[in-house]
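Let me begin by presenting the structure, written as structure tokens, before commenting on it.
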Amino acid sequence: MNKRMTVAVLSVALLAGAALFSLAAAQQKGVAKPPLRVYISVDMEGISGVVHSDQVTSGTPEYGPARKWMAQDVNAAVQGAVEAGAAEIAVNDSHGSMRNIDPDELDPRATLISGSPKPLSMMEGIDPSFAACLFIGYHAKAGTADATLDHTISGSVVRSIRVNGVEMPELGLNAAIAGYYGVPVVLVSGDAAVCRQAVEILGRDIVTVQVKEAIGRLAAKLVPMPESRRLIRAGAKEALGRLGAVKPFKPAAPYKFELGYHVSAQADMGAMVPGVTRQDARTLSFVADDYIEGFLKLRAMINIAPAR
Ligand SMILES: [Zn+2]
């Protein structure tokens with residue numbers, strides 16, 4: 086082979102190689118996974134630094150700093166999600182008025198769902214396109230000892246909520262909404278008590294991030310703020326790095342909802358809703374074939390009840 090032929094053969098080989106390479110790249114593109122979408126529901130009682138109801142109530146002097154802490158905990162989760170490859174992140178403000186996070190304070194790589202009422206409340210915006218769900222700043226169910234600001238949906242109305250006989254914190258009720266759409270909850274952050282309840286209900290593979298340990302209902306030993314955010318960021322990255330470890334939470338249908346009110350006058354109102362059985366003075370129950378329908382009915386029964 087002379088020099089010119091060698092060059093010609095090499096060129097053909099290179100061209101063929103380049104063609105094969107781009108074909109392989111195109112094939113890879115063809116089977117590439119869809120962009121990773123992550124959904125974050127953020128409550129306030131389990132946010133780093135929060136220990137008292139004044140801090141989670143708008144109009145108080147202490148509310149301003151606490152809503153900044155809320156944004157910073159969320160931003161830590163957003164950063165961890167991005168590091169895990171998240172392409173789209175939705176953040177649903179899920180506390181009180183649901184206008185706690187100042188949009189200017191949120192990491193611009195996330196989209197904010199702000200305000201209320203929203204039909205799915207703390208889970209508004211969830212759909213099957215999300216790969217995973219994170220719960221930031223969550224709290225333990227009503228009646229939990231040594232739990233920061235423990236309550237379930239409404240502190241003045243709800244004493245307990247059971248689904249299929251299991252007493253549920255908000256994290257369980259909301260995880261079942263995510264599960265309805267096939268989305269697993271892979272991380273919960275908050276105090277030690279909510280972390281325990283997350284494992285009890287969603288299993289050992291869920292990542293929990295403990296940002297404080299309650300000393301009664303209105304005091305807690307806090308993880309230092311920078312460390313707390315570092316743990317949330319690392320937890321989000323870890324949880325999203327092993328998708329598939331936690332399965333979507335799907336209680337078995339049909340769903341028996343039991344709502345225990347604080348006082349019988351509240352049950353008097355809820356009992357007017359069609360299809361509801363009064364189990365005792367303060368407890369109503371009903372059965373739903375569809376979880377979302379049941380959840381909406383439950384919310385209506387809570388919202389029509391007068392405050393204590
Ligand atoms: Zn809340």
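Using this note's numbering, the final residue of the sequence shown is 393, and nothing's skipped along the way.
C-beta: ideal position from N, C-alpha, C; glycine also.
Bear in mind the structure is a predicted one, so any value in this text is a computation, not a measurement.
Where does D191 sit, in a helix, a strand or coil, going by DSSP? The residue labelled residue 191 in the question sits at position 106 within the sequence shown. The sequence given here places Leu at residue 191; Asp does not occur at that position. Note: L191 maps to coil in three-state DSSP.
Could you give the distance in angstroms between the alpha-carbon of G222 and the alpha-carbon of S370? Along the sequence shown, one-based indexing puts residue 222 at 137. Along the sequence shown, one-based indexing puts residue 370 at 285. Roughly 29 Å separates the two Cα atoms.
Cβ-heavy atom distance between M129 and ligand 1 below 6 Å? Translated into the one-based positions of the sequence shown, residue 129 becomes position 44. True, at least one ligand heavy atom lies under 6 Å from that Cβ.
According to the Cβ coordinates, are F220 and S126 closer than 7 Å? What you label residue 220 is simply residue 135 of the sequence shown in a count that begins at 1. What you label residue 126 is simply residue 41 of the sequence shown in a count that begins at 1. Cβ distance < 7 Å, so F220 and S126 count as in contact.
Per DSSP, S126 is paired with what? Stepping through the sequence shown from its first residue, residue 126 is reached at position 41. The partner list for S126 (beta bridge, DSSP) reads N177 and F220.
If I measure Cβ to Cβ from I262 and keep anything under 8 Å in the same chain, skipping five residues before and after, which residues do I get? Here the question's residue 262 lines up with position 177 in the sequence shown. Same-chain partners within the cutoff: L205, M208, I211, Y376, I377 and F380.
Between the segment 224-235 and the segment 190-199, can you find at least three pairs of beta-carbon atoms closer than 8 Å? no
Can you grab the Cα-Cα spacing for the pair Y148 / V159, in whole Å? To locate residue 148, count along the sequence shown from 1; it is residue 63. To locate residue 159, count along the sequence shown from 1; it is residue 74. If I take the Cα positions, the gap works out to 17 Å.
Do you know offhand how far S143's Cα is from M129's? Start at 1 with the first residue of the sequence shown, and residue 143 comes out as number 58. Start at 1 with the first residue of the sequence shown, and residue 129 comes out as number 44. Cα atoms of S143 and M129: separation of roughly 12 Å, rounded to the nearest angstrom.
Leaving aside the five residues before and after H137 along the sequence, list all residues of the same chain whose C-beta is less than 6 Å from its C-beta, in chain order. Indexing the sequence shown from 1 puts residue 137 at position 52. Same-chain partners within the cutoff: L303.
Spatially closest choice to M328 from W154, A151, Q157 and A166, by CA coordinates: Start at 1 with the first residue of the sequence shown, and residue 328 comes out as number 243. The sequence as given places Leu at residue 328; Met does not occur at that position. It is A166 whose Cα lies nearest to the Cα of L328.
Would the beta-carbon of R122 fall within 7 Å of that of E173? Position 37 of the sequence shown, counted from the first residue, corresponds to residue 122. Position 88 of the sequence shown, counted from the first residue, corresponds to residue 173. Taking the C-beta atoms as reference points, E173 is found nearer than 7 Å to R122.
Looking at C-beta atoms only, is the number of pairs between the segment 293-300 and the segment 246-255 that lie closer than 8 Å three or more? no
Nearest CA to the CA of A321: which residue from G301, Q164, V284 and A356? As a working note, residue 321 is residue 236 in the sequence shown. Here the closest residue by C-alpha is Q164.
Contact check, A277 vs E298, beta carbons under 7 Å: Taking the sequence shown and counting its residues from 1, the one referred to as residue 277 is at position 192. Taking the sequence shown and counting its residues from 1, the one referred to as residue 298 is at position 213. Yes; because the gap between Cβ atoms is below 7 Å, this pair is in contact.
Straight-line gap, A352 to E285 (C-alpha atoms, nearest Å): By one-based count along the sequence shown, residue 352 stands at place 267. By one-based count along the sequence shown, residue 285 stands at place 200. Taking the straight line from one Cα to the other gives about 29 Å.
Does any residue of chain B have a CB that is nearer than 7 Å to the CB of S313? This model lacks chain B altogether; it includes just one protein chain.
Jot down the residue ranges of each uninterrupted beta strand (DSSP E) in the segment 216-286, minimum 3 residues, whole runs only, in chain order. DSSP runs (the beta strand (DSSP E)) wholly in the segment 216-286: 217-223, 243-248 and 270-276.
Between H180 and ligand 1, is the CB less than 6 Å from at least one heavy atom? Taking the sequence shown and counting its residues from 1, one reaches residue 180 at position 95. The answer is yes for H180.
Cβ shell of N37 (< 7 Å), same chain only, five flanking positions each side left out: This structure gives no information on residue 37, because the portion of the chain shown stretches from 86 to 393.
Going by beta carbon distance, what residues of the same chain come within less than 6 Å of T229, once the five residues before and after it are set aside? The count along the sequence shown starts at 1 and reaches residue 229 at position 144. So the list reads D235 and A278, once near-sequence residues are dropped.
What number of angstroms, rounded off, separates the C-alpha of P146 from the C-alpha of V273? Here residue 146 refers to the residue found at position 61 when the sequence shown is read from its first residue. Here residue 273 refers to the residue found at position 188 when the sequence shown is read from its first residue. Taking the straight line joining both Cα atoms gives about 28 Å.
Enumerate in chain order the residues of its own chain whose CB-to-CB distance from M90 is below 6 Å, with the five nearest sequence positions on each side excluded. As a working note, residue 90 is residue 5 in the sequence shown. Residue confidence for M90 is low, a pLDDT of 48 falling below 50, so the modelled location carries little weight and cannot support an answer.
Determine the direct distance from the alpha carbon of P119 to that of H180, and round the result to whole angstroms. For the purposes of this step, residue 180 is taken as residue 95 along the sequence shown, with counting starting at 1. For the purposes of this step, residue 119 is taken as residue 34 along the sequence shown, with counting starting at 1. Near 31 Å, if we compare the C-alpha coordinates of P119 and H180.
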